[in-house]
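Novice: Just dropping this structure here.
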């Protein structure tokens, strides 16, 4: 009997030893070491270049760092691309199963004055990838949870990330809720609201501030009030708020559920008192009620916006429940997008910046042409209303070009076999278009 007891005690001791050895590994799979970045967050923004520094910054803003005072107005700048987890999404933008990802904690926990982020965060052109959030009953979800009226987020992209929540009214790739400024931000991740969620957007779930020069190429899914760029846009807290301008969506927007799947839009799900200006959508938008290529439902202004033909079901329009109108939300063909026409219209039918407005949209129309308008200016991609000729210089093929006086396409040279096979050189370069 005593021998059996000794054996059991030995076995128990070994189990404790093995468990102790394994536990640190298990914890590391779901947690991350924190590292204090350079800077002071005030005169010198925190310089963030690693996941460890990003999580420390989130803890600083949210007030979860032991012994460190909470700082909602801390400023930061990214110094490098940051990868938190790898391989979060598969090619269809669905969550890769079987992986134990480090969980993300959104920066700025709520819309109260004691929790919303009010600092300046400059992504500096960098991307944050591999964020993973999959929890219920969390009100504000995204890279940032809630951005206050003084908050400014710019020049940052969110990619290969997964945000899903149930019973959460504010979900977006860049932020759940914005009362400040979002500029030049992008999302190429998956954003999902389950059950009774509403205000779900690729870039921003809810906006009462300004969203400008932003884009979504990620997947957005949910039941109610869903948009490619923003779920719900509202002018509420100040007269200048509720603005979505010079932004676009190229990611699928899907309303899912058995009933009351409504307010689904390519750019915005529901525009209530806000303004949507000079935006476009080229991706599929689906749902039951109030489905639009640009906005699902409309309670205020939509001007100079466009959507690609075929992105909404037959009988649907640019604004849910309304007929398309010139100057508001217009359907455009793929050829109209490719030709430069939509880019020119988005710029207010002009090709030169003025004191009232600067050019925002560009598109390369010749070699390595852009299929759709872009927000980045490069050499020779300003769009002019001027004749475009084929490479022979005589055949007019379009009404928009990258030179103010007009332009012609470059030759598309390929190797062609000569008719005279008696020569030593059987092949020569020939343009596949004009054969010169």
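Numbering (UniProt numbering), first residue to last: 1 to 436.
Beta carbons: idealized from backbone N, C-alpha and C, even for Gly.
(1) Buried or exposed, going by whether 16 or more other CB atoms sit within 10 Å of the CB of residue 71?
(2) Using the beta-carbon count (16 or more within 10 Å), is residue 45 buried or exposed?
(3) Taking 8 angstroms as the cut-off, decide whether the C-beta atoms of residue 312 and residue 344 are in contact.
(4) Taking only the alpha-carbon atoms, compute the straight-line gap between residue 155 and residue 126 and give it to the nearest angstrom.
(5) According to DSSP, which residues form a beta bridge with residue 254?
(6) Where does residue 334 fall in DSSP's three states?
(7) Taking the alpha-carbon positions, what's the residue 257 to residue 287 distance?
(8) Can you tell me whether DSSP reads residue 234 as helix, strand or coil?
(9) For residue 178, count neighbouring Cβ atoms within 10 angstroms of its own Cβ and tell me buried if that reaches 16, exposed if not.
(10) Assuming contact is defined by CB atoms lying nearer than 8 angstroms, are residue 190 and residue 89 in contact in what I supplied?
(11) As a quick exercise: from 166, 121 and 135, pick the residue whose alpha carbon is nearest that of residue 144.
(12) So which of 320, 281 and 399 has the shortest CA-CA distance to residue 373?
(13) Give every residue of the same chain whose Cβ lies closer than 6 angstroms to the Cβ of residue 298, excluding the five residues on either side of it in the sequence, and list them in chain order.
(14) Strictly by DSSP, which residues pair up with residue 210?
(15) Of the residues 229, 265, 388 and 248, which one's Cα is nearest the Cα of residue 339?
(16) If you reduce the DSSP assignment to three classes, tell me which class residue 173 lands in.
(17) Below 6 angstroms CB to CB, which residues in the same chain sit around residue 329 once its five sequence neighbours on both sides are set aside?
(18) Can residue 32 and residue 51 be called in contact, C-beta distance under 8 angstroms?
(19) So residue 332 packs on residue 308, CB below 8 angstroms; how close in whole Å?
(20) Tell me whether residue 59 sits in a helix, a strand or coil according to DSSP, three-state version.
(21) Just to confirm my understanding: we take residue 348, look at its own chain, exclude 5 residues before and 5 after, and list those with CB closer than 8 angstroms. What are they?
(22) Mind checking residue 262: buried by the 16 CB within 10 Å criterion, or exposed?
(23) Report the rounded CA-to-CA distance for residue 97 versus residue 199, giving the unit in angstroms.
(24) Closest to residue 254 by CA distance: which of 118, 231 and 73 is it?
(25) Which residue comes first and which comes last in the beta strand (DSSP E) that contains residue 262?
(26) In its own chain, which residues sit with a C-beta less than 6 angstroms from the C-beta of residue 233, not counting the 5 before and 5 after it?
(27) Counting along the chain, where does the alpha helix (DSSP H) carrying residue 342 start and finish?
(28) Please report the distance separating the alpha-carbon of residue 158 from that of residue 129.
(29) Along the chain, which unbroken stretches of the beta strand (DSSP E) at least 3 residues long are found entirely within the region 39–89?
(30) Does the contact criterion of 3 or more C-beta pairs under 8 angstroms hold for the region 133–140 versus the region 78–85?
(31) According to DSSP, is residue 381 helix, strand or coil?
(32) Measuring only the C-alpha atoms, how far is residue 236 from residue 396?
(33) So for residue 296, helix, strand or coil by DSSP?
(34) Assign residue 268 to one of three DSSP states: helix, strand, or coil.
(35) Less than 8 angstroms between the CB atoms is what I'm expecting for residue 292 and residue 316, so what's the real figure, rounded?
(36) Leaving out five residues before and five after residue 61 in sequence, what residues of the same chain have Cβ atoms less than 8 angstroms from its Cβ?
Specialist: Here's the rundown:
(1) buried
(2) buried
(3) no
(4) 7 angstroms
(5) 221 and 286
(6) helix
(7) 9 angstroms
(8) strand
(9) buried
(10) yes
(11) 121
(12) 281
(13) 271 and 319
(14) 181 and 243
(15) 388
(16) coil
(17) 294, 302, 305, 318 and 319
(18) yes
(19) 6 angstroms
(20) helix
(21) 278, 304 and 357
(22) buried
(23) 26 angstroms
(24) 231
(25) 262–265
(26) 207, 242, 244, 268, 271 and 274
(27) 341–346
(28) 6 angstroms
(29) 46–48 and 76–78
(30) no
(31) coil
(32) 50 angstroms
(33) strand
(34) strand
(35) 7 angstroms
(36) 70, 71, 72, 74, 107, 108, 117 and 119
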